[in-house]
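S.K.:
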Amino acid sequence: MLRIQVRRRLGSFTLDASLTATPGGVTVLVGESGSGKSTLLRLVAGLLDPDEGRIDIHGDVFVDRARGENLPPELRAVGYVAQDYALFPHLNVRENVAFGLRALRRPRPDVRARVDLTLERFGLGSLAERRPHQLSGGQQQRVALARALVIDPAVLLLDEPLSALDLVTRRSVRAELRRILEGLSCATLFVTHQPTEALAFGQQIAVLEAGRITQCGTRDDFLRHPRSRYVAEFLGINLLEGEIVERHADGTANVAADGGVLSVPDPGHDGPVRLVVHPHDIVLSTEFPAGSARNVLRGAVEEIVPEPPGGERLRILLATRPGLAAQITREASEALGLAPGIQVYASFKATGVLVLPG
Amino acid sequence: MTAQVRKDGPGWIPVAAIAAMGLLVLLLALPFVALLARTSPGQLLARLAEPSVAQALRLSLVTSLAATAIVVMLGIPTAYVLATREFRGKRLLEVLIDLPMVLPPTVAGFALLMAFGRMGLAGQWLRVLGVTLPFTTLGVILAQVFMAAPFFIAPARTGFAGVDPRLLEAAATLGASEAHRFRRVMLPLALPSLIAGTSMCAARALGEFGATITFAGNLPGVTQTMPLAVYVTLQSDLDTAVVLSVLLLVMSFGLLLGLRAAPGGWWGVHPRAAHPGSAPTR
Chain A
1 MLRIQVRRRL
11 GSFTLDASLT
21 ATPGGVTVLV
31 GESGSGKSTL
41 LRLVAGLLDP
51 DEGRIDIHGD
61 VFVDRARGEN
71 LPPELRAVGY
81 VAQDYALFPH
91 LNVRENVAFG
101 LRALRRPRPD
111 VRARVDLTLE
121 RFGLGSLAER
131 RPHQLSGGQQ
141 QRVALARALV
151 IDPAVLLLDE
161 PLSALDLVTR
171 RSVRAELRRI
181 LEGLSCATLF
191 VTHQPTEALA
201 FGQQIAVLEA
211 GRITQCGTRD
221 DFLRHPRSRY
231 VAEFLGINLL
241 EGEIVERHAD
251 GTANVAADGG
261 VLSVPDPGHD
271 GPVRLVVHPH
281 DIVLSTEFPA
291 GSARNVLRGA
301 VEEIVPEPPG
311 GERLRILLAT
321 RPGLAAQITR
331 EASEALGLAP
341 GIQVYASFKA
351 TGVLVLPG
Chain B
359 MTAQVRKDGP
369 GWIPVAAIAA
379 MGLLVLLLAL
389 PFVALLARTS
399 PGQLLARLAE
409 PSVAQALRLS
419 LVTSLAATAI
429 VVMLGIPTAY
439 VLATREFRGK
449 RLLEVLIDLP
459 MVLPPTVAGF
469 ALLMAFGRMG
479 LAGQWLRVLG
489 VTLPFTTLGV
499 ILAQVFMAAP
509 FFIAPARTGF
519 AGVDPRLLEA
529 AATLGASEAH
539 RFRRVMLPLA
549 LPSLIAGTSM
559 CAARALGEFG
569 ATITFAGNLP
579 GVTQTMPLAV
589 YVTLQSDLDT
599 AVVLSVLLLV
609 MSFGLLLGLR
619 AAPGGWWGVH
629 PRAAHPGSAP
639 TR
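Those protein sequences? They're chains A and B, same order as listed.
Each residue of the first sequence is one higher than the last, beginning at 1 in our numbering.
Each residue of the second sequence is one higher than the last, beginning at 359 in our numbering.
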């Protein structure tokens, strides 16, 4: 178990985070740039010292401020893959991968055997004599991973491993990276600012906002209990804040939210609540809907965003009150003739709304 | 009217620049041409065998090579520390190291005499140990080291400081100690700068005149290096002066040309250059 509990000031910014990560699992640290995710990685690697706190894995202490212990990076069992991979430009692929084992003064035949095995495992055998600048972005990433993993680290640190790649390579490399990470026995910390990557890679996801972890859990935890607007936004779901105004005998309640009133399942109490509405539960129509949906809102289409970019589904942002995002297929959108400015009805069932305490 | 002036403005700049450059090139090249015009390759080779020329040439080569070797050995650790560490008095130390670049060489020679002369601050102790520096070949080397060191240390320092810190961080996380990082990452990546600094230093040592003549004197075969021999023969034997001058000119030119031939990107494209716009985030 990797246990992190650190505090570090950088100018006016303070990172204050506690986190545990299990061996053999991937923990994704997700947040916007400046939220402190790379700082957290650098603290684990030993490239930055915490002001206070402790980091240890399986009881091996990396740093413990209270006890005055602090291992330099070269004595920590970490593999670190920097954002731009930081391959040694003067060494070829084989020498790059061998670097760690040579630094640790392993016997030469061992180094050779381990490096050969690793090159083969990462599909780098035919590129062994190439210099980094002769490699594509995806190949560079594989070399960086191989170089970090050949020394058998207890912790693997990946700093935005896909951000240096162009869109086309990113898609193929992503699948490959998932396959590699699934087979690892070390604890992996994966930093990204992209929610889609967080959801794709993280068995555990930790959200960093302004230097603090605001939510940590599995993907399902997040979908069930998004704790902040940021989390809801990155999950692509609607999170609305409101107040119970009326509770009915039929088990529903009315909630006033942002200038509108919604019908939701009765949570059994009064006061402020947060509502989760999944975009694919919202039905759009140009005529008043005939169905049984209790919530019908009218508003203009604000923006149409393909999901994923260029994909088959469209995310429709609506200027309803409260504002909503709906998700429909491209075909459905064309059938309705949707375009920004067009007035539509958005309807969804009361039972489809998840009510959380405010 | 203003539009007219603006339109014509840029046209003048290249013309003026080319004129200025032409004048400067003329000023720099003419003396060399004049020097080369005084001699021929045949005459040059014939004169090389003359004892006075051969002696000065040998002494110059030995002393400047020795001085360069000393500067490189002491300069690499110095430049490394200056490039990687912050400490009190660093600025002062940097100025001290750079000072010989701008100090009149005669002043440097005189200061060396005050320090290492027979009655000098350190000279008295050296004499007890049986070491004499002034008016010896060793003194020539010391004067050259003193004057040429900054020409190595400045580029070496820039070279070490220019190594991408992220590469050093990567090396550290791979288990490399500082010594290993220096040997396997810093040194190879700073090599072009170190080579440039070495040639600059060698060229400066080869041409050293003022500090040498002040501190080590002008004894043929012992302290009379080529620049000193040029100065002496200028008054008695113009042809020998020409031969020595041309030799120095060719050697200095060769050193600087060799420096230029060493390309900046010896190791090809830098990973940083491969992904423009990828900046480290927090």
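A virtual CB, placed ideally from N, CA and C, is assigned to each residue, including glycine.
Fair warning: this is a prediction, and the values are worked out from it, not measured in the lab.
1. Along chain B, which residues have their Cβ under 8 Å away from the Cβ of I151(A)?
2. Since V78(A) meets chain B, which of its residues come closer than 9 Å, beta carbon to beta carbon?
3. Do V143(A) and L87(A) have their C-beta atoms within less than 8 Å of each other?
4. Counting contacts by CB-CB distance shorter than 8 Å, is E452(B) in contact with chain A?
5. With a threshold of 8 Å, are at least 3 pairs of Cβ atoms found where one atom belongs to the region 275-284 of chain A and the other to the region 313-331 of chain A?
6. Which two residues bound the contiguous beta strand (DSSP E) that contains G260(A)?
7. Could you have a look at A17(A) and say whether DSSP puts it in helix, strand or coil?
8. Mapping DSSP to helix, strand and coil, what is D49(A)?
9. Looking at C-beta atoms only, is the number of pairs between the region 51-59 of chain A and the region 246-255 of chain A that lie closer than 8 Å three or more?
10. Given A350(A), which residues of its chain have a CB within under 6 Å of its CB, disregarding the five upstream and five downstream residues?
11. Take the Cβ of F611(B) as the centre, count every other Cβ of all protein chains shown within 10 Å, and call the residue buried at 16 or more, exposed below.
12. I need the straight-line Cα distance from A77(A) to A154(A), nearest angstrom please.
13. Run down chain B in chain order and give the residues with a C-beta less than 8 Å from the C-beta of H280(A).
14. Given S172(A), which residues of its chain have a CB within under 8 Å of its CB, disregarding the five upstream and five downstream residues?
15. Can you grab the Cα-Cα spacing for the pair A514(B) / A599(B), in whole Å?
16. To the nearest angstrom, how far is it from the Cα of I455(B) to the Cα of R562(B)?
17. Cβ atoms of P23(A) and G370(A): under 8 Å apart, would you say?
18. The alpha helix (DSSP H) with I434(B) in it runs from where to where?
19. For E241(A) versus A256(A), is the C-beta distance shorter than 8 Å?
20. Whole angstroms are fine: how far does the CA of G533(B) sit from the CA of L75(A)?
21. Are the Cβ atoms of I205(A) and R219(A) separated by less than 8 Å?
22. Check for me: the beta strand (DSSP E) holding L470(B) runs from which residue to which?
23. Kindly confirm or deny that the region 473-490 of chain B and the region 34-48 of chain A touch, where touching means at least three C-beta pairs closer than 8 Å.
24. Who are the neighbours of G100(A) on chain B, taking C-beta pairs under 7 Å?
25. Compare the C-beta of R416(B) with all C-beta atoms of chain A and state if any pair is closer than 8 Å.
26. Around the C-beta of H90(A), are 16 or more other C-beta atoms found within 10 angstroms, so that it is buried, or is it exposed?
27. Write down the C-beta distance between V26(A) and T188(A) rounded to the nearest angstrom, noting that I regard them as a contact closer than 8 Å.
28. Shortest alpha-carbon distance to L503(B) belongs to which of M558(B), L617(B), E408(B)?
29. Short of 7 Å in beta carbon distance, which residues of its chain neighbour F390(B), apart from the five on each side in sequence? Order them along the chain.
30. Using a Cβ cut-off of 8 Å, pull out every chain A residue sitting near A537(B), in sequence order please.
31. Using a Cβ cut-off of 8 Å, which residues of the region 513-530 of chain B contact any Cβ in chain A, in chain order?
32. Would DSSP call L356(A) helix, strand or coil?
33. Taking the Cβ atom as the reference point for each residue, do F468(B) and L500(B) lie within a distance shorter than 8 Å?
34. Residues of chain B with CB closer than 7 Å to the CB of H269(A), please, in chain order.
35. Buried or exposed for T360(B), please, with buried defined as at least 16 other CB atoms from any protein chain shown within 10 angstroms of its CB.
36. Can you confirm whether P546(B), when its beta carbon is compared against all beta carbons of chain A, has any partner nearer than 8 Å?
M.R.: So, to answer that:
1. Translated into positions along the first sequence, residue 151(A) becomes position 151. Near I151(A) (Cβ distances below 8 Å), the residues of chain B are L532, G533.
2. Taking the first sequence and counting its residues from 1, one reaches residue 78(A) at position 78. The contacting residues are T531.
3. For the purposes of this step, residue 143(A) is identified with residue 143 of the first sequence, where counting begins at 1. For the purposes of this step, residue 87(A) is identified with residue 87 of the first sequence, where counting begins at 1. A contact, by the Cβ cut-off of 8 Å.
4. For the purposes of this step, residue 452(B) is taken as residue 94 along the second sequence, with counting starting at 1. Closer than 8 Å: no.
5. yes
6. Counting from one through the first sequence, the residue named residue 260(A) turns up at place 260. Taken as a continuous stretch (DSSP letters only), the beta strand (DSSP E) holding G260(A) covers 260-265.
7. Counted from its first residue, the first sequence places residue 17(A) at position 17. DSSP places A17(A) in strand when its eight states are reduced to three.
8. Working through the first sequence from its first residue, we reach residue 49(A) at position 49. In this structure, D49(A) counts as coil in the three-state DSSP scheme.
9. no
10. Taking the first sequence and counting its residues from 1, the one referred to as residue 350(A) is at position 350. Same-chain partners within the cutoff: T252, S263, V264, R294.
11. In the second sequence, residue 611(B) corresponds to position 253, counting from 1. Answer is exposed; the Cβ neighbour count stays below 16.
12. Within the first sequence, the letter at position 77 stands for residue 77(A). Within the first sequence, the letter at position 154 stands for residue 154(A). If you take the alpha carbons of A77(A) and A154(A), they lie about 5 Å apart.
13. Within the first sequence, residue 280(A) is the residue found at index 280, counting from 1. None at all; the shortest Cβ gap to chain B is about 32 Å.
14. Residue mapping note: residue 172(A) aligns to position 172 of the first sequence, counting from 1. Closer than 8 Å at Cβ, skipping near neighbours: G138.
15. The residue labelled residue 514(B) in the question sits at position 156 within the second sequence. The residue labelled residue 599(B) in the question sits at position 241 within the second sequence. Distance between the alpha carbons of A514(B) and A599(B): 35 Å.
16. For the purposes of this step, residue 455(B) is taken as the residue at position 97 of the second sequence. For the purposes of this step, residue 562(B) is taken as the residue at position 204 of the second sequence. C-alpha separation (whole angstroms): 15 Å.
17. For chain A, the structure presents residues 1 to 358; residue 370(A) sits outside this window and is missing.
18. By 1-based counting over the second sequence, the position of residue 434(B) is 76. Unbroken alpha helix (DSSP H) run through I434(B): 409-442.
19. Along the first sequence, one-based indexing puts residue 241(A) at 241. Along the first sequence, one-based indexing puts residue 256(A) at 256. Cβ atoms of E241(A) and A256(A): not closer than 8 Å.
20. Locating residue 75(A) in the first sequence gives position 75, where the first residue counts as 1. Locating residue 533(B) in the second sequence gives position 175, where the first residue counts as 1. In a straight line, the C-alpha of L75(A) is about 6 Å away from that of G533(B).
21. For the purposes of this step, residue 205(A) is identified with residue 205 of the first sequence, where counting begins at 1. For the purposes of this step, residue 219(A) is identified with residue 219 of the first sequence, where counting begins at 1. Cβ atoms of I205(A) and R219(A): closer than 8 Å.
22. Here residue 470(B) is taken as the residue at index 112 of the second sequence, counted from 1. Careful: L470(B) lies outside any beta strand (DSSP E), inside the alpha helix (DSSP H) at 463-474.
23. no
24. Taking the first residue of the first sequence as 1, we reach residue 100(A) at position 100. Here the neighbours are L532, G533.
25. Along the second sequence, one-based indexing puts residue 416(B) at 58. So no, R416(B) is outside the interface.
26. Residue numbering aside, residue 90(A) sits at position 90 when the first sequence is read from its first letter. Buried, since its Cβ has 16 or more Cβ neighbours within 10 Å.
27. The residue labelled residue 26(A) in the question sits at position 26 within the first sequence. The residue labelled residue 188(A) in the question sits at position 188 within the first sequence. Confirmed, about 5 Å.
28. Locating residue 503(B) in the second sequence gives position 145, counting from the first residue. One point to set straight first is that residue 503(B) is Val, not Leu, in the sequence displayed. Minimum Cα distance to V503(B) is reached at M558(B).
29. To locate residue 390(B), count along the second sequence from 1; it is residue 32. Cβ neighbours of F390(B) beyond the five flanking positions: L607.
30. Sequence index remark: in the second sequence, residue 537(B) carries index 179 (1-based). Those do not exist, as A537(B) stays about 10 Å from chain A at its closest Cβ, beyond 8 Å.
31. D522, R524, L525, E527, A528, A529, A530
32. As a first step, residue 356(A) is located in the first sequence; it is residue number 356 there, counting from the start. L356(A): strand per DSSP, three-state reduction.
33. Along the second sequence, one-based indexing puts residue 468(B) at 110. Along the second sequence, one-based indexing puts residue 500(B) at 142. The answer is no: Cβ separation not under 8 Å.
34. Position 269 of the first sequence holds residue 269(A). Those within 7 Å of H269(A) in chain B number zero; the least Cβ separation is about 40 Å.
35. Position 2 of the second sequence, counting from 1, holds the residue named residue 360(B). Low confidence applies to T360(B): its pLDDT is 47, below 50, so where it sits in the model is not reliable, and the reading given next is rough at best. Counting Cβ neighbours within 10 Å, T360(B) comes out exposed, since fewer than 16 surround it.
36. For the purposes of this step, residue 546(B) is taken as residue 188 along the second sequence, with counting starting at 1. Chain A contact via Cβ: present.
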